[in-house]
Amino acid sequence: MTGRGRGRGGGAGYYKPAREVARVYGNGQFPAPNPQVVKLENEMVKPGLSSAMAASSLDFKLPSRPAYGMQGRAIALYANYFELKAANKNKDLYRYSLAFRSAEESELKDKKVKKKRVIEILLDMPPFSTLKIASDWTQKLVSAQKIPLAEEGQEYTVEFYHKDRGPLPPPTPNEEARLTEARTRKTYHIRVQAIGSVSLADLLQDLSGPKSTYPLKLEAIDALNTIMAHGPSTALNITTAGNKFFPFGNHPQMESSDLEEGLQAQRGYFTSVRTSASRMLVNLNVATGAFYNSGPLIEMMKEVCGSYPPLSEQRHKQVSKFFSPIRVETNYLPDDSSKNKENKGTKRQVRTVILAPYGKNATNVTFSKTDANGNVTHPTVQQHFLEEHNIRLHFPRAPLANARNADDPNPIWIPAELCKILPGQLKRGLLTSDQTAKMITFAARRPHANAESITGNGLTVTMINPVVNGENTNLKEFGVKVDPRMITVPGRILMPPTVMYKGLKNRTPNNGTWNLKVSELGLSPFRVVKKLGEWSTLIINSGRYDTIPGGIEGLKADLHKFREELNKYGLNLIEPQKPCIINIAPGILEDAKRHPEFVDTIRSLVETGLRTQLPKKPTFLLVLLPSDNIILYDTLKSLFDLTYGIPSVCCVGKKFDKKSEQIYANVAMKVNQKLGGVNHVVDIKRMTPLDTQTIIFGIDVTHPSPGSSETAPSIAGVVASIDAMFSQYPASMRRQQGYKEMVTDLEEMIIERLRLWQKRNQDRLPNKVIVYRDGVGEGQYQQVVETEGESFSKAFDRLYGARAKHPKLSIVMVGKRHHTRFYPTKMEDTDGTTGNPKPGTVVDRGVTGEKLFDFFLLAHQGKEANPRTVTYS
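The number in my numbering is simply the position in the sequence shown, starting from 1, with 382 added.
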């Protein structure tokens, strides 16, 4: 039994491939961390220098790094960074902005794909075609040489055409009106304007000098990122998603796994230029994305919905949301450019389509058609394709695809069966629970496997490789080069804190886990026990077999053992209320992911069961599930947490029936904690500067998920400790404007948390406030300090009075959504099972900010894939 566990009992219900045996990347061979970097870092923390650097790192002053850490066992780690150097130390990069307008004086507001194509055509024109230029494909260019432009900028005319269709023929004096109209519609004017140059020499000086400040540091990094992304973003069989690159199709580095229901997981790579002491680095990491399967659109509809069209209104809504918009190819129009006039053949066209509204299909949608004699008819789409293209539709009642915008008065209708989904299209929005589980399995690999992917396929996909004579063939014309060898950095493994239970029965974690056997800890080991009052059991049955074998008698035996074991932990469970038993048809649980209305059915069945079978509201509910169906779990948790306010713990019935001591121990921990108890503590003497006068805050904002309504709000949450055991963290929360990161009503929530702390601590207020702020990037640090820091000051004014009475305040920025990964160089520095770094591994050198007081910490054990360290600033 361990101190960390899973209440729902494990697996995702599908085949998991066997994992590789753990080993370290490089097989024990590794270079020492760069001694020159270590020397410079040591120079930077000398008195007077570190504070100067902190003041120059951003536009406002941050706390200086007092020193580098010394505690713990010193180790060396690989970091997924590669050194970026200027081939010429005096190299400048020239930056240009792009402004678009069409021939009709309107701005180019089309999709990114079209804007990228317009820029591609521009770069094929002089003077750009003779220069090495990178673009972000939206609004800027970066050139290794100065582009000859007028001082006020210069405008260029571009005539848009698709790669697969070719440009329009040159204009003639007597060309047809439709051709002239098309030329006007496809003509864009692009103004190219110089916005200055950046110096890599000045950037490097800023990274190495304690008092130097390069005002264009962020612009220089942005220019380098544009250069790094340009190569892979121009490849035909690589999909670009921000700074992630996913090979697809016949690309030799293509790796994928089927997610079913029309999707597949694909492996790609992330790159970002970062800076550290005395050097520029490229952070390169493995990325995973969900992509549409390529193939006939009609077949993909069947895979998503489970049947061929026609579709019910609910399934049409589902498939329309799933596919719209999507890029497809068609191949039914006659090829007028063919030299064989007798048998023209057909031409391939690429279009972006959306699905027609429910009820509109090829049998009932008509359009006006004028023949050569001027006669107007109104055929259906089905009739048109039969008469015009000799195509008899097999699925005439399938949803039509529209190659125009939904609000365009002149739609272009295409039968779904004539559309083929193109490969390499990233799926936006949420995945089903099964797809998410399969995605995690595909992404979760041993650390050494990810490291080998980064230094193999990753360097190739991002075009850092090939390297010839020490130069990257894709980068040398820009005057920069990237060393294809992954760097090593110094690290330390800290001693784990002692976990203190009741009495003198303490535990020292090993790889983040510890044993909870009552035989070793003694009876009632929890520090503070909250007695359980009226409690009950909810059993969900589904299918031929009961969730707990043996029916009521089997359940009674299991619950008797459950009470007996939890009472050993001091919870004093009384006899439970009569259990609530609910039967849900297997089809409802299995198809809920395809039929959202089934979720309402599940809620209704559970609510009815609770209302009719439970005599009164219990203080705790043990829920026994027939499987680990995530939709059932989420529905139940939503009901109990948000609607009824009943603490609950869910277990899969077949695992609960095993009467495992580990399950009982994990449930006991969860029950006690949910009821307000304290399971264990850490010696306060080991927690300096925390003491009995300290409160810890946590702040985060959750934003609407992809596909949410435009008016969906963000949720701001604030938690705070209530005593010196730092175990319970009650919360305040507010709704606020969607996607707004700074917390709107923070002042009121701070006061709520401080008043509760005051109530629990003899009417005293804390004299130290430590705030952990999650979810913000380095560019938002100043905003957090100025905006949310001011909210704390105003709250202190209201509760403490004069500024001299305010508590000490520390705001710590917490970053989890980063791409830094560390790989042990020796097996003795791993957790021994997965090959991940040991819990307690800390890195504050090599890849940390050159002027920031920050560090990376791995506080817990990773399960399979290389776990994210958390960065604190």
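Cβ atoms here follow ideal geometry from the backbone N, Cα and C, with glycine treated the same way.
Check your understanding: Counting only runs that start and end within the segment 743 to 795, where is the alpha helix (DSSP H) found for 4 or more residues in a row?
Key -> If one requires a minimum length of 4 residues, the alpha helix (DSSP H) runs lying completely within the segment 743 to 795 are 763 to 771, in chain order.
Review point. Is Y543 helix, strand or coil when you go by DSSP?
Key: Correct three-state label for Y543: coil.
Check your understanding: Between the segment 691 to 699 and the segment 729 to 746, are three or more C-beta pairs nearer than 8 Å?
Key -> Touching, yes.
Point to revise | Option in N787, M610, H766, E601 with minimal Cα separation from P778 | key: Ranked by Cα distance from P778, the first of N787, M610, H766, E601 is H766.
**Study point:** Local conformation of M452 per DSSP, three classes
**Key:** In the three-state scheme derived from DSSP, where H, G and I count as helix and E and B as strand, M452 is classed as coil.
Check your understanding: Taking the C-alpha atoms as reference points, what is the distance between A945 and M1124?
Key -> Ala is not the amino acid found at residue 945; the sequence shown has Arg there. Cα to Cα, the separation comes out at about 46 Å.
Review point. Where K820 and L550 are concerned, what is the direct C-alpha to C-alpha distance, given to the nearest angstrom?
Key: So the alpha carbons of these two residues sit roughly 46 Å apart.
Practice item. Can you give me the Cβ contacts of P1112 inside the same chain, cut-off strictly under 8 Å, excluding the 5 residues immediately before and after it? Key: Contacts found: V1101, A1102, I1104, R1135, L1138.
Exercise for review: Would you list the one or two residues that DSSP bridges to F673?
Suggested key: Partner(s): Q646, L808.
**Study point:** Below-7 Å beta-carbon distance, N416 vs any chain B residue
**Key:** Protein chain content of the structure displayed is limited to a single chain, and chain B is not contained in it.
Check your understanding: Cβ atoms of G894 and Q1243: under 7 Å apart, would you say?
Key -> In contact: Q1243 and G894 (Cβ atoms closer than 7 Å).
Review point. Given that a residue counts as buried once 16 or more other Cβ atoms are within 10 Å of its Cβ, and exposed if not, what is K802?
Key: Taking a 10 Å sphere around the C-beta of K802, we find 16 or more other C-beta atoms and assign the residue as buried.
Practice item. Check each candidate in L948, E972, T837 and name the one with the smallest Cα separation from Q1044. Key: If we check each option's Cα against that of Q1044, L948 comes out closest.
Review point. Under the rule that 16 or more other beta-carbon atoms within 10 Å means buried, what is V1031, buried or exposed?
Key: The Cβ neighbour count for V1031, taken over all protein chains shown within 10 Å, is at least 16; the residue is labelled buried.
Review point. If we ignore side chains and look at the alpha-carbon of each, how far apart do N470 and Q817 end up?
Key: Rounded to whole angstroms, the separation of the alpha carbons of Q817 and N470 is 48 Å.
Review point. To which residues of the same chain is L531 closer than 7 Å at the C-beta, ignoring the five residues directly before and after it?
Key: Excluding residues within five positions, the ones whose Cβ falls inside 7 Å are V574, A576.
**Study point:** According to DSSP, residues forming a beta bridge with H571
**Key:** R483, T539.
Review point. Going straight from the alpha carbon of V710 to that of S639, what length do you get?
Key: Roughly 22 Å separates the two Cα atoms.
Review point. Less than 7 Å separating the beta-carbons of L1234 and T1223?
Key: No; because the gap between Cβ atoms is not below 7 Å, this pair is not in contact.
Exercise for review: For H977, count neighbouring Cβ atoms within 10 angstroms of its own Cβ and tell me buried if that reaches 16, exposed if not.
Suggested key: It counts as buried.
Review point. Cβ-heavy atom distance between W519 and the ligand GTP below 6 Å?
Key: Of ligands this structure carries none, so the ligand GTP is not represented either.
Exercise for review: Could you pull the start and end residues of the alpha helix (DSSP H) that P417 belongs to?
Suggested key: DSSP places P417 inside the alpha helix (DSSP H), whose first and last residues are 417 to 426.
Exercise for review: Report yes if the CB atom of P1000 is closer than 7 Å to the CB atom of E916, and no otherwise.
Suggested key: Between P1000 and E916, the CB-CB gap stays under 7 Å.
Review point. Can the beta-carbon of F628 be found closer than 7 Å to that of Q648?
Key: Yes, these two residues count as a Cβ contact at 7 Å.
Exercise for review: Alpha carbon to alpha carbon, how far is D1016 from L1004? Give it in angstroms, no decimals.
Suggested key: L1004 and D1016: Cα-Cα distance of roughly 15 Å.
Check your understanding: Looking at C-beta atoms only, is the number of pairs between the segment 1078 to 1091 and the segment 1152 to 1160 that lie closer than 8 Å three or more?
Key -> Between the segment 1078 to 1091 and the segment 1152 to 1160, the count of Cβ pairs shorter than 8 Å is three or higher; the stretches touch.
Review point. Quick one: what's got a C-beta closer than 7 Å to V735's C-beta in the same chain, skipping five residues either side?
Key: Correct list, in chain order: P707, I708, V710, A783, N784, A785, I796, C801.
Review point. With distances taken from CA atoms, which of L586, L941, E402 is nearest L600?
Key: Answer by Cα proximity: L586.
**Study point:** For E402, three-class secondary structure by DSSP
**Key:** In the structure shown, the three-state DSSP call for E402 is coil.
Review point. Does the separation of the CB atoms of I930 and D1039 fall below 7 Å?
Key: Yes, Cβ-Cβ distance for I930 and D1039 is below 7 Å.
Check your understanding: Who are the Cβ neighbours of G991 in its own chain at under 6 Å, not counting the five residues just before and after it?
Key -> Same-chain partners within the cutoff: C962, I964.
Practice item. Evaluate contact between the segment 1202 to 1218 and the segment 447 to 466, counting only Cβ atoms and requiring at least three cross-stretch pairs below 8 Å. Key: A contact exists between the segment 1202 to 1218 and the segment 447 to 466.
Review point. Could you give the C-beta distance for H544 and V732, rounded to a whole number, given that I count them as a contact under 8 Å?
Key: Rounded, the Cβ-Cβ distance is 7 Å, consistent with contact.
Review point. Helix, strand or coil for M1124 per DSSP?
Key: In the structure shown, M1124 adopts coil according to DSSP, grouped into three states.
Check your understanding: At what residues does the beta strand (DSSP E) containing S525 begin and finish?
Key -> Secondary structure note for S525: its beta strand (DSSP E) is the uninterrupted segment 522 to 525.
Review point. With distances taken from CA atoms, which of S1255, P872, L941, G885 is nearest G1157?
Key: Of the candidates S1255, P872, L941, G885, the one whose C-alpha sits nearest the C-alpha of G1157 is S1255.
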